[in-house]
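Here the structure comes first, spelled out in structure tokens, and everything after it is commentary.
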Ligand SMILES: Nc1ncnc2c1ncn2[C@@H]1O[C@H](COP(=O)(O)OP(=O)(O)O)[C@@H](O)[C@H]1O
Ligand SMILES: [Mg+2]
């Protein structure tokens with residue numbers, strides 16, 4: 553088949569990065585996890601999702617990735633991959649082969665897959681650690697490998713479920729910086745679940761606040777400040793304002 557170069561191809565690629573949810577409800581027996589969620593995410597938008605424990609955040613990501621079926625409503629999304637809450641690195645593979653796994657599964661030969669993984673790990677500050685086993689790596693390093701694996705899936709939509717939740721404050725700030733850098737260089741649509749409203753305001757273009765179960769969107773807050781290659785300054789007044797509004801919406805929803 554002939555390949556056409558130009559606008560139509562670009563347009564098709566952009567549509568792949570879009571997410572549209574309408575009337576989305578997910579029940580587990582009697583439990584309503586998510587209720588009537590409507591949402592449109594544009595290609596390359598970074599959207600943070602915050603909300604109390606059990607409000608359906610992980611369920612939302614699994615629905616977007618097609619790992620669960622809606623009880624009601626619809627999900628339209630391009631190919632989306634999930635980086636789950638538990639890190640699923642394989643202990644019998646080194647860092648590079650863990651990162652390269654989606655390329656290998658897609659049929660890329662071993663040396664090309666390893667070269668791509670090595671380049672990305674280097675960019676993520678892991679040069680020299682590519683042959684390390686996962687248990688030899690710190691928590692922050694493991695998350696770099698897990699993010700590298702997620703990026704190498706090539707999916708236009710990344711669903712990251714509390715990626716930095718287990719990291720200490722310094723490592724976490726560092727992780728926000730390298731994630732900002734990699735998204736600056738290779739933009740993707742991102743749905744990022746976090747329990748940290750500051751992290752949400754630092755990393756995302758929009759912050760969605762969910763109510764306690766059944767999870768509904770109670771606030772959709774735009775961060776009126778461009779993302780940068782190093783992440784936003786958490787002390788910038790506009791970041792602080794979004795953080796405050798997200799907290800207020802959370803408190804309001806829980807009252
Ligand atoms: N497979 C399942 N079977 C039954 N209940 C589930 C299942 N998955 C999630 N739930 C319930 O749905 C609700 C939302 O879960 P989850 O999406 O994991 O919340 P969050 O990620 O916001 O903490 C919770 O009450 C949870 O117990
Ligand atoms: Mg969860």
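Residue numbers (our numbering): 553 to 807.
We treat Cβ as the ideally placed atom computed from N, Cα and C, and that holds for glycine.
These figures come from a predicted structure and were not determined experimentally.
Per the coordinates, the alpha-carbon of residue 782 lies some 10 Å from the alpha-carbon of residue 727. Annotation for residue 611: the continuous alpha helix (DSSP H) segment containing it runs 609 to 616. Following the DSSP letters along the chain, one finds residue 587 inside the beta strand (DSSP E) bounded by residues 583 to 593. Residue 599 and residue 658 have their C-alpha atoms some 28 Å from each other. Nearest neighbour of residue 624 by Cα position, chosen from 673, 775, 675 and 589, turns out to be 589. For residue 574, the pairing in a beta bridge is given by DSSP as 626.
Across the structure, residue 675 and residue 581 are spaced so that their CA atoms are roughly 45 Å apart.
Ranking 720, 680, 585 and 799 by CA distance to the CA of residue 621 puts 585 first.
Residue 794 holds the alpha-carbon nearest to the alpha-carbon of residue 774 among 692, 794 and 789. In this structure, residue 768 has its CB at a distance of at least 7 Å from all heavy atoms of ligand 1. Taking residue 712 as the centre and dropping the five residues before and after it, the same chain places the C-beta of 635 and 744 closer than 6 Å to its C-beta, in chain order. The DSSP-derived three-state label of residue 712 is strand. The bridge partners DSSP lists for residue 664 come to none. Straight across, the Cα-Cα distance linking residue 637 with residue 772 is about 23 Å. Counted as a single uninterrupted DSSP element, the beta strand (DSSP E) harbouring residue 741 occupies residues 741 to 745.
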